[in-house]
Structures are given as structure tokens and as C-alpha cells.
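First up is the structure itself, then whatever we jot down about it.
In the working numbering, the protein residues as written are 1 to 189.
Take a look at the structure:
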């Protein structure tokens, strides 16, 4: 098992076992093979059904989806951690229930989230700038029921989404894979 995979596994297990206690984990084993508990002394809260997801960034920071804060309800927001494991205070992503996310080569982050409107569970796709602020140039307007559990950024900049997508039209069409243009508009081709 690689050091990063060990870190992810240890991070998840310790998160679940310790609940809201102040714990820590590390991304590299100490020279003697023991976990260095000086890394990431941040509270970790039970995932509430959504397991934490981590992405290691080129600058050593860690982008994570999960319940790394109290009183989040059903939210599993995006967080960014510094290389030493501390939360990055400059990252300002909205507190929402994130289902899937992926980082674009330019550092922007595309994510899907769910919300309730008129008793329907709907999803939307949002793009964040690298600092966590919402990117106003992303024009996602397609309205559908369901949930997106997979996002992939294609080499041409288009965005592939997968999940259960029920288009909100008179004759609703169920899709399991859809594609968005780089600007967030739905690609009907």
C-alpha cells in the first residue's frame, strides 16, 4: 500500500472511530513505520453516509469533500487543507451537499450538489475558482432530478457527468451519462 493510500485509509478509519474528537493523521509514515500524529490536528466528524474524498494537489495541498466541521446537517462541503494538514483559511467554498467533484487543469473545481425545490430533489453543477469562490462565467442551467456521483474533465475541456439524471420536462427522459460544454451549458450533441 502506498503512503498516500495508507494515509487515506487511516484518515477514514480514524475519522469514523473518533467521531467529533480532535484527532490527527499524516500523509507520510514516520521512519519507524508509525503514524505521525502531529499532522492535521483538526476535528473530524462522522461522515453521515457520505465517505470523505481526497485529492492531492500539485502544490502539496489537499482538496477534500467531507464533514470536517460541526453543525453541517446533510452538507458534505469542499475543504482545502495546507500541506501540514491545517485547514486553508483562504479557501471559501459554499457549505452545500457535494456529491462529486473534479479539479480542472487550470485549478478550477467542478462539483455537483443536491437541493430540494417544490418537493423534488434536484442537482446542479457549479464551478469554483481556485480560491473556492463561485465562478460566474460557468453557465449551467439544465434542471434535472437525480444525483451526480461522477464527474470527469475531458481533454477538450468538456465535462462528463454520470449518475441518475431525470430531465424535468413533460416526458422526462432518464440519462445516466451526460456531457457539458466547457462553459457549463448542456451539450446536446
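Where is the CB? At the ideal position from N, CA and C, for every residue including glycine. Just so you know, these numbers come straight off a predicted model, no measurement behind them.
Query raised in the report: Who pairs with residue 112 in a beta bridge, going by DSSP?
Result: 100 and 125
**Report entry** Rounded distance between the beta-carbons of residue 97 and residue 126, thought under 8 Å
**Finding:** The beta-carbon distance between residue 126 and residue 97, rounded to whole angstroms, is 12 Å. This is too long to meet the 8 Å contact definition.
Query - Closest residue to residue 137 among 163, 189 and 128 (Cα-Cα distance) - result: Checked all of 163, 189 and 128; the closest Cα to residue 137 is 128.
Query - Assigned secondary structure, residue 82 (DSSP; H/G/I helix, E/B strand, else coil) - result: coil
Report task. Determine, using beta carbons only, whether residue 130 and residue 107 come nearer to each other than 8 Å. Result -> yes
Report task. With DSSP collapsed to three states, give me the class of residue 186. Result -> strand
**Report entry** DSSP-derived helix/strand/coil call for residue 26
**Finding:** A caution first: residue 26 carries a pLDDT of 37, below 50, which makes its placement in the model unreliable, though a value can still be read off. When secondary structure is reduced to three states using DSSP, residue 26 falls in the coil class, being assigned neither helix nor strand.
Query raised in the report: Which first and last residues belong to the beta strand (DSSP E) in which residue 34 is found?
Result: It is not in any beta strand (DSSP E) - residue 34 carries neither H nor E in the DSSP assignment.
**Report entry** CB of residue 148 within 8 Å of CB of residue 163, strictly
**Finding:** yes
Query raised in the report: Under three-state DSSP, which class holds residue 19?
Result: Residue confidence is low: residue 19 scores 42 on pLDDT, short of 50, so the model does not pin down where it sits. Its coordinate-derived value is still stated next. Residue 19 falls in the coil class under three-state DSSP.
Requested in this report: Consult DSSP for residue 151 and reduce its assignment to one of helix, strand or coil.
Outcome: strand
Requested in this report: Please state if the CB of residue 145 and the CB of residue 160 are separated by a distance shorter than 8 Å.
Outcome: no
Report task. May I ask which residues mark the beginning and end of the beta strand (DSSP E) holding residue 65? Result -> Residue 65 -> beta strand (DSSP E) spans 62 to 65.
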